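Asker: Quick one: the structure is below, and I'll ask about it shortly.
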Amino acid sequence: AYGGYKKDAPDALRLGGIAKRLVAAVKKYDKSRPTTAGLAGVAMSNETEYPGALDITGYNYTESKYQSDHLKYPKRVIYGSENRHDMEAWLAVKNNAHIFGQFLWTGIDYLGESGAWPSRGFYSGLVDFAGVIKPRGYFRQSLWSDKPMIFAGTYISRRERELSMDAWPIWNYDQGQTVKVVVYTNAAKARLELNGKVVGEVKDYDAKTGIIGWDIPYAAGKLEAVGLSADNKEVSRFAITSSKQPAALVISQNNSTIDKQKGVAQVLLHVVDENGLPVILSDNNITCKISGPGILLGLEAGNNSDMTDYTDNVQRAYHGQLLAYIQATGETGPVTITFSSPWIKSVETTIEVK
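Dropping the structure here:
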């Protein structure tokens, strides 16, 4: 990537000629679809024939050029081909009718492009390594969904105005501790209730941040975010309940059958307390054992900083969950999977291989 800064690097004007040849090659086989590319350097590309060779022009980030380039190149069809997750990046699309949409970098966490150790991948996705939606995924849902929705998360913040799109639904703190509660919703308003009593006054949706926030003292129990319509009618509700110590493992998602020809099942496991409530803060060490015509491909908890071997049969939970990948070995019959962790109740499930 840094080779482009060499003094003897090829002239950037070549981009136009190369783009024209590539477009011609594509249209030789398919004229029914428009061609596009993501411009990694919009300002530089505008000095070449590169954008003009495309039917649709993608801008990587560079939202600041949306308005000025629309005026300068009124016939250019522009979209965000690679963008950040924050509200500012989305408003650049929402507030400019000539921008038809955006692609986020990235939709799902992936191995590679890791940061400082310990880090095994890029962790900015809406969905984690285990395919579980992260808080910022619900933040984006609040921006995009037509169906009423609301999600709440919490964290300790010393900055009063800090509103995070990465707040996990945790309600376990020290008694009386000031906690930041944020809500992602497409409702017109929202309020907070704790154990049936209002603890966060009704606040209007903030069109600038997309987040509604309160600072409240912690007390154990059931915290609920209530989405309200413009005329104060309830349209959505989300609850977080204080959990106790880990007591058991439970399975919330499972494939009942898989094909014998290397079919793969995903088994999603949660750590819960004595009342069956998820223990989001748990990181229990969990062991997976299999009997029957299946093998364990790997365990994935979604923790970017966990550098252990994910093909091993032992893995720590992350945010109270763990995903197991089970593959058929070619024979038919039941595969029994057992999950266990010290001092808590184990769980067993069966998958039929056909």
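Counting with my numbering, you get residues 4 to 357 for the letters of the sequence shown.
Cβ atoms here follow ideal geometry from the backbone N, Cα and C, with glycine treated the same way.
Please read all numbers here as calculations on a predicted model, not as lab measurements.
What three-state label does DSSP hand Gly7 in the structure shown?
Answerer: What you label residue 7 is simply residue 4 of the sequence shown in a count that begins at 1. At Gly7, the pLDDT of 45 sits below 50, so the modelled position is not reliable; the number obtained from the coordinates is stated separately. Three-state DSSP puts Gly7 in a helix.
Asker: Using the three-state DSSP reduction, which class does Ala15 fall into: helix, strand or coil?
Answerer: Taking the first residue of the sequence shown as position 1, residue 15 is located at position 12. DSSP places Ala15 in coil when its eight states are reduced to three.
Asker: Taking the CB atoms as reference points, tell me whether Thr181 and Ile215 lie closer together than 8 Å.
Answerer: By one-based count along the sequence shown, residue 181 stands at place 178. By one-based count along the sequence shown, residue 215 stands at place 212. Contact: no.
Asker: Please go through the same chain and pick out, in chain order, the residues whose beta-carbon is closer than 6 Å to the beta-carbon of Val205, but skip the five residues on each side of it.
Answerer: The count along the sequence shown starts at 1 and reaches residue 205 at position 202. Excluding positions up to five away in sequence, the list reads Lys192 and Arg194.
Asker: Go through the stretch 75-119 residue by residue and report every complete run of the beta strand (DSSP E) that reaches 3 residues or more, in order.
Answerer: You should have 81-86 and 102-107.
Asker: List, from N- to C-terminal side, the beta strand (DSSP E) runs of 3 residues or more that fit wholly inside the stretch 216-260.
Answerer: Counting only runs of 3 or more, we get 225-231, 237-244 and 251-256.
Asker: Of the residues Val45, Leu325 and Val26, which one's Cα is nearest the Cα of Arg36?
Answerer: The residue given as residue 36 occupies position 33 in the sequence shown. Answer by Cα proximity: Val26.
Asker: State the CB to CB distance for the pair Gln330 and Lys265, rounded to an integer number of angstroms; the pair is presumed to be in contact (CB under 8 Å).
Answerer: Locating residue 330 in the sequence shown gives position 327, counting from the first residue. Locating residue 265 in the sequence shown gives position 262, counting from the first residue. The Cβ separation is near 6 Å, so the contact holds.
Asker: Between Ile254, Pro337, Pro138 and Asp312, which has its C-alpha nearest Leu325's C-alpha?
Answerer: The residue given as residue 325 occupies position 322 in the sequence shown. For the residues Ile254, Pro337, Pro138 and Asp312, the minimum Cα distance to Leu325 belongs to Ile254.
Asker: When the distance is taken between beta carbons, is Ala190 closer than 8 Å to Tyr208?
Answerer: Residue 208 sits at position 205 when you count from the first residue of the sequence shown. Residue 190 sits at position 187 when you count from the first residue of the sequence shown. For Tyr208 and Ala190, yes; Cβs fall inside 8 Å.
Asker: Anyone know if the C-beta pair for Ala242 and Val275 falls short of 8 Å?
Answerer: The sequence position of residue 242 within the sequence shown is 239, counting from 1. The sequence position of residue 275 within the sequence shown is 272, counting from 1. It is not a contact, given that the beta carbons lie outside the stated cut-off.
Asker: Name the DSSP beta bridge partners of Phe342, please?
Answerer: For the purposes of this step, residue 342 is taken as residue 339 along the sequence shown, with counting starting at 1. BP columns for Phe342 point to Cys291 and Val350.
Asker: So Val356 and Lys263 are supposed to be a Cβ contact under 8 Å. How far apart are they, rounded?
Answerer: Against the sequence shown, residue 356 aligns to sequence position 353. Against the sequence shown, residue 263 aligns to sequence position 260. Val356 to Lys263, Cβ: 5 Å. Contact.
Asker: Hey, Val270 and Thr352 are a contact pair by Cβ (cut 8 Å); roughly how many whole angstroms apart?
Answerer: Working through the sequence shown from its first residue, we reach residue 270 at position 267. Working through the sequence shown from its first residue, we reach residue 352 at position 349. Contact holds; Cβ gap of about 6 Å.
Asker: Report yes or no: do three or more beta-carbon pairs, one from the stretch 77-86 and one from the stretch 106-121, lie closer than 8 Å?
Answerer: Counting Cβ pairs under 8 Å, three or more are found: they touch.
Asker: Report yes if the CB atom of Gly124 is closer than 8 Å to the CB atom of Gly134, and no otherwise.
Answerer: Walking along the sequence shown from the start, residue 124 turns up at place 121. Walking along the sequence shown from the start, residue 134 turns up at place 131. Contact flag unset, no.
Asker: Any idea what DSSP makes of Gly193, helix, strand or coil?
Answerer: Against the sequence shown, residue 193 aligns to sequence position 190. In the sequence on display, residue 193 carries Ala and not Gly. Strand.
Asker: Take Asp131 and list the residues in its own chain whose beta-carbon comes closer than 6 Å to its own, dropping the five residues that flank it on each side.
Answerer: One-based indexing of the sequence shown puts residue 131 at position 128. Correct list, in chain order: Asp112, Lys137 and Gly305.
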